[in-house]
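Student: In this note's numbering, the protein residues as written are 26 to 517.
Note that the Cβ used here is the ideal one computed from N, Cα and C, for glycine as well.
#1: By Cβ distance, which residues of its chain are closer than 6 Å to residue 445, with the 5 residues on each side in sequence left out?
#2: Quick one: which unbroken alpha helix (DSSP H) runs of 4-plus residues sit fully inside the stretch 348-433? Chain order, please.
#3: Taking Cβ to Cβ, would you say residue 283 is nearer than 9 Å to residue 349?
#4: Return yes when the Cβ of residue 104 is within less than 9 Å of the Cβ of residue 71, no when it is not.
#5: Should residue 273 and residue 466 be called a contact, given that it needs their Cβ atoms to be closer than 9 Å?
#6: Residues in its own chain within less than 7 Å of residue 504 by CB, not counting five upstream and five downstream?
#7: Helix, strand or coil for residue 491? Go by DSSP, reduced to three states.
#8: Who does residue 307 pair with in a DSSP beta bridge?
#9: Might you give, ordered along the chain, the residues of its own chain that have their beta carbon closer than 7 Å to the beta carbon of residue 357, omitting 5 neighbours on each side?
#10: What's the C-alpha gap between residue 384 and residue 220?
#11: Do residue 421 and residue 78 have their beta-carbon atoms positioned less than 9 Å apart in this structure?
#12: So, residue 432 versus residue 477, is the Cβ gap smaller than 9 Å?
#13: Please check the pair residue 216 and residue 177, which I expect to be a contact at CB under 8 Å, by giving their CB distance rounded to whole angstroms.
#14: For the alpha helix (DSSP H) that contains residue 121, what are its first and last residues?
#15: Between which residues of its own chain and residue 17 is the CB-CB distance below 7 Å, once the five residues before and five after are set aside?
#16: Are the CB atoms of residue 132 and residue 190 nearer to each other than 9 Å?
#17: Let me check understanding here. Comparing Cα to Cα, which of 210, 360 and 168 lies closest to residue 404?
#18: Where do the N-terminal and C-terminal ends of the alpha helix (DSSP H) with residue 509 fall, by residue?
#19: Can you give me the start and stop residues for the beta strand (DSSP E) that residue 450 sits inside?
#20: Between the Cα of residue 376 and the Cα atoms of 354, 318, 326 and 329, which residue gives the shortest distance?
#21: Taking all protein chains shown into account, do 16 or more other C-beta atoms lie within 10 angstroms of the C-beta of residue 101, making it buried, or fewer, making it exposed?
#22: Which two residues bound the contiguous alpha helix (DSSP H) that contains residue 158?
#23: Are the stretch 110-123 and the stretch 337-344 touching, with three or more C-beta to C-beta distances below 8 Å?
#24: From which residue to which residue does the beta strand (DSSP E) around residue 473 run?
#25: Using the Cβ count rule (16 or more neighbours within 10 Å means buried), how would you classify residue 288?
#26: Select from 59, 138, 501 and 82 the residue whose C-alpha is nearest the C-alpha of residue 39.
#27: So, at 7 Å on beta carbons, what are the nonlocal neighbours of residue 516 in its own chain, with the 5 sequence-adjacent residues on each side left out?
#28: How many angstroms separate the CA atom of residue 166 from the CA atom of residue 484?
#29: What whole-angstrom Cβ distance do residue 234 and residue 228 have, given they're in contact under 8 Å?
#30: DSSP three-state call for residue 496: helix, strand or coil?
#31: Please report how far the alpha carbon of residue 198 lies from the alpha carbon of residue 59, in whole angstroms.
#32: Measure the alpha-carbon distance for residue 428 versus residue 303 and round it to whole angstroms.
#33: Quick one: Cα of residue 47 to Cα of residue 399, how far?
#34: Identify the continuous alpha helix (DSSP H) that holds residue 239 and give its terminal residues.
#35: Report the three-state DSSP secondary structure of residue 55 (helix, strand or coil).
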C-alpha cells in the first residue's frame with residue numbers, strides 16, 4: 026500500500042513539474058529571434074520565410090546572404106518545410122513557428138522517456154525526463170527556431186524501436202527503426218550515429234547479435250539517403266557564382282575544415298576548458314553533473330550500465346570528431362542532455378532510497394538552478410541589429426538585393442538580412458571596398474548599400490559617383506551611430 030501511494034505521489038509530482046516546465050517556455054515565445062546563437066536561428070528563420078512566401082522546395086533552399094543567387098544546401102530543411110507548410114495554411118506567425126519547434130522538442134522528450142523506461146524503470150524515466158526538460162540548453166533551444174531537437178527526437182525514436190525490435194526479434198520494428206533514422210540522418214547525422222554503440226551492447230546482452238547483424242541491411246536505407254543528399258548538396262552548391270573577390274567567400278562544396286577543425290584544437294587546453302564549462306553550466310545546470318557521478322557510482326554494477334557506458338563512449342567519439350563545432354557552438358552539446366539526465370536521474374533515485382524526500386528536494390533544486398541560469402544568460406535580444414534590420418526592410422522591397430556592412434559580419438552572416446527578410450550580401454567592414462560594391466551592383470544586381478561606417482559610404486560615393494542615386498543618413502535609436510543608405514543605379 027505504501028509503495029502504491031509513493032508511486033501515485035511521484036506520478037502526480039512528475040506531471041505537475043513537467044507542466045510547469047512546459048508552461049515556462051511560453052514566457053519566451055516573443056516574436057523576435059533571441060540570443061545566444063541567433064546566427065543559426067536566422068538561417069532557419071529565413072528558410073521558413075522563403076518556403077512560406079515562394080513555395081516549398083526542399084531540394085533548393087535559399088539563404089539570405091547569397092544575394093541574387095540565393096541557393097545553398099546544408100542540412101536537409103525538412104523541419105523548416107513542415108513549419109512553412111503550417112504557415113501557408115494558418116498564416117505567418119513566430120508564435121506558430123516556435124510552437125512547431127517546441128512540439129519537435131516534446132517529440133524528443135517523449136522518446137527519451139520511452140528509451141529510459143525501457144532500459145530502467147518508470148521511476149527513473151520520470152526523474153530523467155524532468156531533468157531533460159529542466160537543463161538550461163533544453164529550456165532555451167526547445168522554443169528556439171532551431172532544428173536540433175527535431176533530429177534528436179528521430180534519433181531517440183530510432184534507438185527505442187531498435188531495442189524493441191531486438192527484444193522481440195521483430196523485423197517489422199527494425200524496419201520502422203530504420204525509417205525513423207532517415208530524418209535524423211538527413212537533418213543532422215552527428216546526432217544519431219553514436220547511438221549504434223549502445224544498440225550493439227543492448228543486442229549483445231540480449232544474445233541477439235547474430236540476429237541483428239543478419240538483418241542490419243535495413244539500416245543501409247538511411248545511410249544511402251544521407252549520401253544521396255550530400256551528393257545533391259555538392260552539385261547545387263557547386264553552381265554558386267565565383268565571388269572570390271569577396272573576403273572569406275567560398276563555395277560550400279567542402280565543409281570538412283568547418284565540421285572537424287584541426288587536430289591541434291583537440292590538444293588545446295583552452296578549447297577543453299570552454300567545452301567543460303559548458304558541460305557543467307549549460308548541459309548540467311551546475312547540479313546535474315555531480316548527480317550524474319552519484320548515479321554512476323550507485324548503479325555502476327547494474328546490467329544496464331554497459332549500455333550507458335557505450336552511449337557515453339559514443340558521445341565522446343562524437344565530441345572528438347566534431348570538436349570544432351562543439352568548441353564554437355553551445356547547441357552542439359544538446360546530444361549530451363539525455364545521457365546526463367539519465368545518470369542524474371539515477372543519482373536522484375539513489376538519494377531517495379537513502380532518505381525519503383531528499384531526492385525530490387534535490388530535483389527541485391536542480392530545476393530552480395537550471396531555470397535561474399537560463400533566465401539570466403539566455404533570451405537577450407540584439408536591439409541594434411533588430412533596428413537596422415527593420416530599416417533595411419522598410420527601405421527596400423523583396424525584389425531588391427541590398428548589401429549590408431556591419432562591424433565584423435562576414436559574407437555568411439544572416440543576422441540582419443534574414444531578419445529583414447531580404448536576399449543580399451553581408452560584408453565585414455574591411456571587405457566593403459568600393460570596387461567590391463560596384464562589382465556586385467554591376468554584375469549581380471545589388472540595389473542598396475547599408476552601413477554604419479561613414480568612410481565606406483563616402484568612398485563609394487566618391488569613387489563611383491554615377492552609380493549612387495542618393496545617400497541618406499538615419500540616426501539609430503539604439504546607439505549614437507548613423508545608418509547610411511546608398512541607393513544604387515540599377516545594373517543594365
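Tutor: Straight from the coordinates:
#1: Translated into positions along the chain shown, residue 445 becomes position 420. Spatial neighbours of residue 445 in its own chain (CB-CB distance under 6 Å, excluding positions within 5 residues in sequence) are listed in chain order as 414, 417 and 418.
#2: Annotation: the stretch 348-433 contains the following complete segments of the alpha helix (DSSP H) (minimum length 4 residues), in chain order: 348-353, 361-379, 383-402 and 408-419.
#3: The sequence position of residue 283 within the chain shown is 258, counting from 1. The sequence position of residue 349 within the chain shown is 324, counting from 1. Closer than 9 Å, so yes.
#4: Taking the first residue of the chain shown as position 1, residue 71 is located at position 46. Taking the first residue of the chain shown as position 1, residue 104 is located at position 79. No, they are not a contact pair.
#5: For the purposes of this step, residue 273 is taken as the residue at position 248 of the chain shown. For the purposes of this step, residue 466 is taken as the residue at position 441 of the chain shown. No, the pair does not count as a contact, with Cβ atoms beyond the cut-off.
#6: The count along the chain shown starts at 1 and reaches residue 504 at position 479. So the qualifying residues of the chain are 409.
#7: Taking the first residue of the chain shown as 1, we reach residue 491 at position 466. Residue 491 sits in coil when the DSSP states are folded into three classes, being neither helix nor strand.
#8: Position 282 of the chain shown, counting from 1, holds the residue named residue 307. Residue 307 is not bridged by DSSP to any residue.
#9: Residue numbering aside, residue 357 sits at position 332 when the chain shown is read from its first letter. Listed in chain order, the non-local C-beta contacts of residue 357 below 7 Å within the same chain comprise 347, 350 and 351, local neighbours out to five positions each way being set aside.
#10: Here the question's residue 384 lines up with position 359 in the chain shown. Here the question's residue 220 lines up with position 195 in the chain shown. One Cα belongs to residue 384, the other to residue 220, and the distance between them is close to 29 Å.
#11: As a first step, residue 78 is located in the chain shown; it is residue number 53 there, counting from the start. As a first step, residue 421 is located in the chain shown; it is residue number 396 there, counting from the start. Their beta carbons are not under 9 Å apart, which means residue 78 does not touch residue 421 by this criterion.
#12: Taking the first residue of the chain shown as 1, we reach residue 432 at position 407. Taking the first residue of the chain shown as 1, we reach residue 477 at position 452. Yes.
#13: On the chain shown, position 191 is the one that residue 216 refers to. On the chain shown, position 152 is the one that residue 177 refers to. Rounded, the Cβ-Cβ distance is 5 Å, consistent with contact.
#14: Here residue 121 corresponds to residue number 96 of the chain shown, with the count starting at 1. Counting along the chain, the alpha helix (DSSP H) containing residue 121 begins and ends at 119-144.
#15: Since the displayed the chain opens at 26 and closes at 517, residue 17 lies outside it and no answer follows.
#16: As a first step, residue 132 must be located in the chain shown, where it is residue number 107. As a first step, residue 190 must be located in the chain shown, where it is residue number 165. Their beta carbons are not under 9 Å apart, which means residue 132 does not touch residue 190 by this criterion.
#17: One-based indexing of the chain shown puts residue 404 at position 379. For the options 210, 360 and 168, the alpha carbon positioned closest to that of residue 404 is the one of 168.
#18: For the purposes of this step, residue 509 is taken as residue 484 along the chain shown, with counting starting at 1. Where residue 509 is concerned, there is no enclosing alpha helix (DSSP H), although the beta strand (DSSP E) it sits in stretches over 507-513.
#19: Within the chain shown, residue 450 is the residue found at index 425, counting from 1. Counting along the chain, the beta strand (DSSP E) containing residue 450 begins and ends at 450-452.
#20: Here residue 376 refers to the residue found at position 351 of the chain shown. When each option's Cα is compared against that of residue 376, the closest is 318.
#21: Position 76 of the chain shown, counted from the start, is the residue given in the question as residue 101. In the assembly as shown, residue 101 is a buried residue. Its beta-carbon has 16 or more other beta-carbons within 10 Å.
#22: One-based indexing of the chain shown puts residue 158 at position 133. Residues 147-159.
#23: These segments do not touch.
#24: Position 448 of the chain shown holds residue 473. Secondary structure note for residue 473: its beta strand (DSSP E) is the uninterrupted segment 473-476.
#25: As a working note, residue 288 is residue 263 in the chain shown. Residue 288 is exposed by the Cβ-count criterion.
#26: Translated into the one-based positions of the chain shown, residue 39 becomes position 14. When each option's Cα is compared against that of residue 39, the closest is 138.
#27: Taking the first residue of the chain shown as position 1, residue 516 is located at position 491. Listed in chain order, the non-local C-beta contacts of residue 516 below 7 Å within the same chain comprise 466, 467 and 470, local neighbours out to five positions each way being set aside.
#28: Here residue 166 is taken as the residue at index 141 of the chain shown, counted from 1. Here residue 484 is taken as the residue at index 459 of the chain shown, counted from 1. Going from the Cα of residue 166 to the Cα of residue 484 covers about 42 Å.
#29: As a first step, residue 234 must be located in the chain shown, where it is residue number 209. As a first step, residue 228 must be located in the chain shown, where it is residue number 203. Confirmed, about 5 Å.
#30: Against the chain shown, residue 496 aligns to sequence position 471. Reduced to three states, the DSSP call for residue 496 is strand.
#31: Here residue 198 corresponds to residue number 173 of the chain shown, with the count starting at 1. Here residue 59 corresponds to residue number 34 of the chain shown, with the count starting at 1. Our two residues, residue 198 and residue 59, have alpha carbons roughly 40 Å apart in a direct line.
#32: Along the chain shown, one-based indexing puts residue 428 at 403. Along the chain shown, one-based indexing puts residue 303 at 278. When rounded, the separation of the alpha-carbon atoms in residue 428 and residue 303 is 35 Å.
#33: The residue labelled residue 47 in the question sits at position 22 within the chain shown. The residue labelled residue 399 in the question sits at position 374 within the chain shown. Cα to Cα, the separation comes out at about 14 Å.
#34: As a first step, residue 239 must be located in the chain shown, where it is residue number 214. Secondary structure note for residue 239: its alpha helix (DSSP H) is the uninterrupted segment 234-240.
#35: Position 30 of the chain shown, counted from the first residue, corresponds to residue 55. If DSSP states are grouped into helix, strand and coil, residue 55 belongs with coil.
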